[in-house]
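Written below as C-alpha cells is the structure these notes are about.
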Amino acid sequence: QQPVQSPQAVILREGEDAVINCSSSKALYSVHWYRQKHGEAPVFLMILLKGGEQKGHDKISASFNEKKQQSSLYLTASQLSYSGTYFCGTGPNSGNTPLVFGKGTRLSVIA
Amino acid sequence: GAGVSQTPSNKVTEKGKYVELRCDPISGHTALYWYRQSLGQGPEFLIYFQGTGAADDSGLPNDRFFAVRPEGSVSTLKIQRTERGDSAVYLCASSHLAGAEQFFGPGTRLTVL
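As given, the protein sequences belong to chains E and L, one line each in that order. Positions 89 to 199 (my numbering) are the ones given, in order, by the first sequence. Positions -19 to 93 (my numbering) are the ones given, in order, by the second sequence.
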C-alpha cells in the first residue's frame, strides 16, 4: 500500500527549516528518500533501515520510527537548491520486494 | 562513471502501435527497476530484474506490457497495442544490490495520441 506523505506542499524562505513525514499502514523494513527536480530524474538522498540509526548529511537528516511505521525527513537552514519534490519509498522486507513510493511533497524555497 | 541512460528521451506514438523503451544501467549493477510516473505522482513500480531474470513483475498493469534483460545489463520495456492511458514518463533505475539505493535514469516520456 502506498505510504502517505505530509504535507503535500510547503513553501519556505531561505534559512527556514522543514519536516516531511512519511507514514505506512504496513510494517516497514526500509525507507528510502529521493528528491526530484522538475523535469529531472529522482536523486537518492538516504536509506533508513529497521534497527538502524538516524541518518544525515549536511543539513538533511531523517529518522525512522519502526513502531509507528513512520519516517521523517528534516531539512534545516534550507537553501534554494533544496527546492523540488521529495518522495519516500517504503520497503516491507530486506530487499527482495519493490519499493512503494508516496505521492511526494513539493518543497519550494524562496529567497 | 556514466549514469543510467534511457532512450529515446521522448516517444510519440499512435494508439494501437507497439513501442520499445531502452534502459542502460550503471555497469555492474545487478538490480534493474522499471517505474512509470504520471504528473503529480510518485514513481509506480512495474518490474524488477535481478540479473537476467524478472524477480518481480507484479506491477505490470496487463499483458500488453513486457520487459526483458537478456544479458543482465541492458533492458527493454515493450508495450503492445498502446493506449492513451499508457502516456507517462517511464523511469529506469539500477542498484548494485536489491534493496540498496537506486540510481534513476532521465526517463522516457511516452505520449500516445
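Even for Gly, the Cβ is constructed at its ideal location relative to N, Cα and C.
{"Asked": "Using alpha carbons as the reference points, say which of L:Lys(-5), L:Val(-1), L:Glu(-6) lies closest to proline -12 of chain L.", "Found": "L:Val(-1)"}
{"Asked": "So, are the CB atoms of lysine 138 of chain E and tyrosine 117 of chain E less than 9 Å apart?", "Found": "yes"}
{"Asked": "Could you run through the region 92 to 124 of chain E and flag, in chain order, every residue whose CB is less than 9 Å away from some CB of chain L?", "Found": "Gln93, Tyr117, Ser118, His120, Tyr122, Gln124"}
{"Asked": "Where do the ends of the beta strand (DSSP E) carrying histidine 9 of chain L lie?", "Found": "Careful: histidine 9 of chain L lies outside any beta strand (DSSP E) and carries neither H nor E."}
{"Asked": "Here's the rule: buried if 16 or more other CB atoms are within 10 angstroms of the residue's CB, otherwise exposed. What is serine 94 of chain E?", "Found": "exposed"}
{"Asked": "Checking the sheet assignment: what are the DSSP bridge partners for histidine 76 of chain L?", "Found": "Answer is none; histidine 76 of chain L lacks a bridge partner."}
{"Asked": "Counting only beta-carbon separations shorter than 9 Å, does valine 131 of chain E have a partner in chain L?", "Found": "yes"}
{"Asked": "Residues in the same chain with beta-carbon distance under 6 Å from valine 107 of chain E, minus the five sequence neighbours each way, listed in chain order, please.", "Found": "Ser160, Tyr162"}
{"Asked": "Run through the DSSP bridge pairs and tell me what glutamate 63 of chain L is partnered with.", "Found": "Glutamate 63 of chain L is not bridged to any residue."}
{"Asked": "By Cβ distance, which residues of its chain are closer than 8 Å to leucine 40 of chain L, with the 5 residues on each side in sequence left out?", "Found": "Leu26, Ile27, Phe46, Ala47"}
{"Asked": "Is it buried or exposed, threonine 91 of chain L, if we count other Cβ atoms within 10 angstroms and call 16 or more buried?", "Found": "exposed"}
{"Asked": "Leaving out five residues before and five after glutamate 154 of chain E in sequence, what residues of the same chain have Cβ atoms less than 6 Å from its Cβ?", "Found": "Lys138"}
{"Asked": "Looking only at its chain, what residues have a beta carbon closer than 8 Å to the beta carbon of threonine 32 of chain L, apart from the 5 residues adjacent to it on each side?", "Found": "Arg49, Pro50, Glu51, Gly52"}
{"Asked": "Provide the residue span of the beta strand (DSSP E) that contains glutamate 24 of chain L, from first to last.", "Found": "24 to 30"}
{"Asked": "Quick check: what's the CA-CA separation for glycine 179 of chain E versus alanine 199 of chain E?", "Found": "36 Å"}
{"Asked": "Suppose the cutoff is 7 Å on Cβ atoms and the five residues either side in sequence are ignored; what does the same chain contact list for proline 23 of chain L look like?", "Found": "Tyr15, Gln17, Leu71"}
{"Asked": "Going by the DSSP bridge assignment, what does tyrosine 70 of chain L pair with across the sheet?", "Found": "L:Arg16, L:Thr88"}
{"Asked": "Taking all protein chains shown into account, do 16 or more other C-beta atoms lie within 10 angstroms of the C-beta of leucine 1 of chain L, making it buried, or fewer, making it exposed?", "Found": "buried"}
{"Asked": "Serine 38 of chain L: which of E:Thr185, E:Gln157, E:Ser149 sits nearest, CA to CA?", "Found": "E:Thr185"}
{"Asked": "Near alanine 68 of chain L, which residues of its chain fall below 7 Å by C-beta distance, leaving aside the five closest residues on each side in sequence?", "Found": "Arg16, Gln17, Ser18, Leu90"}
{"Asked": "Does isoleucine 135 of chain E get closer than 9 Å to chain L when you measure Cβ to Cβ?", "Found": "yes"}
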